[in-house]
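The block underneath contains the structure these notes are about, expressed in structure tokens.
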Amino acid sequence: MRLIVVGGGIGGLALAIAAGRRGMGVVLLEQAAAFSEVGAGVQLSPNAVRALEALGVAAATASVSTRPFEIEVRDQASGARLLHTPLGASAEARWGAPYLQVHRADLHAVLLSAARETPNVEIRTGARVACAQAAVEGATIGLEGGERLVASVAVGCDGVRSVVRRSIAPDQSARFTGQVAWRGLAPAAGLDPEFRMPGARVWTGPGRHFVHYPVRGGALINFIAVTEERAWRTESWSEEGSRDVLAQAFAPWPSSVRALIGAAPQVMRWALYDRAPLPRWSQGPLTLLGDAAHPMLPFLAQGAAMALEDAVVLSACLEPSADGREEPSLGLLRYEALRMARTSKVQAWSRRNARLFHLPSSVARTVFGAAATADLIRRRPGAERLDWLYGYDPVAPV
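Quick note, the working numbering runs 181 ahead of the 1-based positions in the sequence shown.
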């Protein structure tokens, strides 16, 4: 079986590794002329790490990651802790894999190295896809410049503005959420030592929230800030933002938040768009993976995790049967059946968190307090609410 993977991000590289390890011939097409360091921090919950284990790159990823001991949600006005999830050894014991935090570029480098070392995988840069079609002979990918490639299956791993997606769902449009995300990396030197502590903190407040955690062994502090705006709608990871504007938006917030913004040499911003779940991901030999199939708002830290899970499940569904027959269309239907309900639920929880994190302080304390009280009444640990998410094994369903 020959597979074309459109997009050389985390999901595309993961699929190339998974499929190549199963003996499929893979051509990965990346539009950029060369891979470069893009993005900031990525949180890898135990379900994501389990997918990395299936790809054979968990140890390499862990070597460039930090292991947080907790995630906590705090009210920006009072500093009160609203929610606490213990991680560290307790997470590994409960969910069978650690929770990691890593610089996106470091994770990408691990996956790229593994893909280059995987037999049957060809990586082509500077290959910009113009169109994707389902044809009698298989999936056809047309490149700018006129070249056409044909394979048994083509998978769009090309993000929220996927070219492959337009061939499957041409009328599906994006909706601006009214929220804008800002991201930055600040050197830890000169900041309060608490920032180097391996953990993630979410500050919530009316109309905005702020998340920060260390990467690269605590040398850098990654942060994401989300504000609400009506007019600005540029959907781009590389749009430079004004640090002064961001600082003004969080001026009344805790001094630690203001210090972190002030220490960042540069901030980037992008508009957050949402898309309703698709009724189908596939058309004949074409299918989608990661954000191309199910764009995730960043409020559950599951965008990379879902792409990694998709890659492991899809490669298993496409593996030829024991008698050598290849039924890619049936494999794609099985892939959808195994993945669509889960990713739709994660999308819904991400939207829910978008609302929860922006509640007025008094309301947030009531809502989060009710959740904690319910856990006590049911005599269950707070971590139990995440079992469905973090305890998922992408190998088991297939």
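Just so it is clear, CB atoms sit at the ideal spot from N, CA and C, and this is done for glycine as well.
Euclidean distance between Cα positions of residue i and residue j
i, j, result
"residue 560", "residue 567", "Its pLDDT being 48, under 50, residue 560 is placed unreliably by the model, and nothing is read from it."
"residue 389", "residue 301", "46 angstroms"
"residue 480", "residue 282", "15 angstroms"
"residue 263", "residue 526", "23 angstroms"
"residue 197", "residue 275", "30 angstroms"
"residue 249", "residue 260", "20 angstroms"
"residue 386", "residue 257", "6 angstroms"
"residue 327", "residue 571", "44 angstroms"
"residue 461", "residue 436", "47 angstroms"
"residue 201", "residue 539", "43 angstroms"
"residue 288", "residue 254", "26 angstroms"
"residue 450", "residue 420", "6 angstroms"
Where residue i sits in the DSSP three-state scheme
i, result
"residue 395", "strand"
"residue 431", "coil"
"residue 410", "coil"
"residue 222", "strand"
"residue 424", "helix"
"residue 549", "helix"
"residue 267", "strand"
"residue 381", "strand"
"residue 376", "helix"
"residue 572", "coil"
"residue 245", "coil"
"residue 238", "coil"
"residue 260", "coil"
"residue 401", "strand"
Proximity of residue i and residue j at Cβ, strictly below 8 angstroms
i, j, result
"residue 335", "residue 324", "no"
"residue 195", "residue 486", "no"
"residue 482", "residue 459", "no"
"residue 290", "residue 236", "no"
"residue 192", "residue 470", "yes"
"residue 245", "residue 279", "no"
"residue 187", "residue 207", "no"
"residue 318", "residue 359", "no"
"residue 494", "residue 575", "yes"
"residue 426", "residue 405", "no"
"residue 176", "residue 564", "Since the displayed the chain opens at 182 and closes at 579, residue 176 lies outside it and no answer follows."
"residue 315", "residue 509", "no"
"residue 399", "residue 377", "yes"
"residue 395", "residue 432", "no"
Outcome for residue i when other beta-carbon atoms lying within 10 angstroms are tallied against a minimum of 16
i, result
"residue 211", "buried"
"residue 367", "buried"
"residue 517", "buried"
"residue 547", "exposed"
"residue 537", "buried"
"residue 511", "exposed"
"residue 285", "buried"
"residue 232", "buried"
"residue 446", "exposed"
"residue 224", "buried"
"residue 219", "exposed"
"residue 523", "buried"
"residue 309", "exposed"
"residue 307", "exposed"
Interface flag, residue i vs chain D, CB-CB below 8 angstroms
i, result
"residue 238", "Absence of chain D from the displayed structure is noted, only one protein chain being present."
Counting only runs that start and end within the segment 182-207, where is the beta strand (DSSP E) found for 3 or more residues in a row? Counting whole runs of 3 or more residues, the segment 182-207 contains the beta strand (DSSP E) stretches 183-187.
Can you list, in chain order, the stretches of the beta strand (DSSP E) that have 3 or more residues and sit fully within the segment 269-326? You should have 281-284, 302-306, 310-316 and 319-324.
Whole beta strand (DSSP E) elements within the segment 319-374, 3-residue minimum: For secondary structure counted as the beta strand (DSSP E) over 3 or more consecutive residues, the segment 319-374 holds these complete runs in sequence order: 319-324, 329-332, 334-337 and 356-368.
Mind listing, in chain order, the continuous alpha helix (DSSP H) runs of no fewer than 4 residues lying wholly within the segment 494-526? Entirely contained in the segment 494-526, not one alpha helix (DSSP H) run reaches 4 residues.
In the segment 453-482, which residue ranges form an unbroken beta strand (DSSP E) of at least 3 residues, counting only runs that do not cross its ends? If we require 3 residues or more, the beta strand (DSSP E) runs fully inside the segment 453-482 come out as 467-469.
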